[in-house]
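Reading the sequence shown from the start, the letters are residues 26 to 127 in this note's numbering.
Glycine is no exception: its CB is placed at the ideal position from the N, C-alpha and C atoms.
All figures in this text were calculated on a predicted structure; none of them were measured in a lab.
Structure first, commentary second.
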Amino acid sequence: MDIASFDRFGVEELSKEEYAAKEAGILEECLCATCPTYVAGDAPKGYCFPVVGTSDKIKVEKDCVCGGCSVFKEFKLTHNHYCTRCSQLCQTYKTEAGGGHE
Ligand code: SF4
Ligand code: SF4
């Protein structure tokens, strides 16, 4: 698998400023606050992005609305429930690079 398949956001090639700008754009588009799984007040959202991390507050998975999000479409994301299962990059490593040794 090539790097682009893992690094959907292209973060490997971003400067610190570009990285911050990309994260800010993602937070603006993020639909998590409208999701049934989301717990009010949790921040910063945008859980699909590599450094955001999983939520401390969200413990129960209900539906995930990531599939309808413009970020999901723009960056051709392939997972969901990023708030509880970890970022796109992290889930890709677990499922596709883990070779079944989880
Ligand atoms: S794909 Fe999901 S986690 Fe990522 S910005 Fe959209 S709604 Fe938020
Ligand atoms: S990552 Fe998915 S499940 Fe979690 S709050 Fe965002 S839209 Fe909902």
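When you compare the CB positions of residue i and residue j, do they come within less than 8 Å of one another, or not?
i	j	result
residue 95	residue 54	yes
residue 81	residue 62	no
residue 75	residue 100	no
residue 92	residue 105	yes
Cutting at 7 Å between CB atoms, please list the residues of its own chain near residue i, excluding the five before and the five after it.
i	result
residue 126	Here the model assigns residue 126 a pLDDT of 49, short of 50, so the residue's position is not dependable and the matter cannot be decided.
residue 32	114
residue 39	47
Which whole-angstrom value describes the C-beta separation of residue i and residue j, a residue pair presumed to lie in contact below a C-beta threshold of 8 Å?
i	j	result
residue 70	residue 58	7 Å
residue 90	residue 56	5 Å
residue 79	residue 109	6 Å
Going by beta carbon distance, what residues of the same chain come within less than 8 Å of residue i, once the five residues before and after it are set aside?
i	result
residue 37	28
residue 49	none
residue 118	31
If I measure Cβ to Cβ from residue i and keep anything under 6 Å in the same chain, skipping five residues before and after, which residues do I get?
i	result
residue 122	none
Closest by CA to residue i, which one among the options?
i	options	result
residue 98	73, 79, 118, 49	73
residue 154	110, 77, 85, 65	Here the chain comprises residues numbered 26 to 127, so residue 154 is not present and cannot be evaluated.
residue 86	30, 117, 107	107
residue 83	103, 60, 102	60
Alpha helix (DSSP H) segments (min. 4 residues) lying fully within the stretch 78-107: DSSP runs (the alpha helix (DSSP H)) wholly in the stretch 78-107: 95-99.
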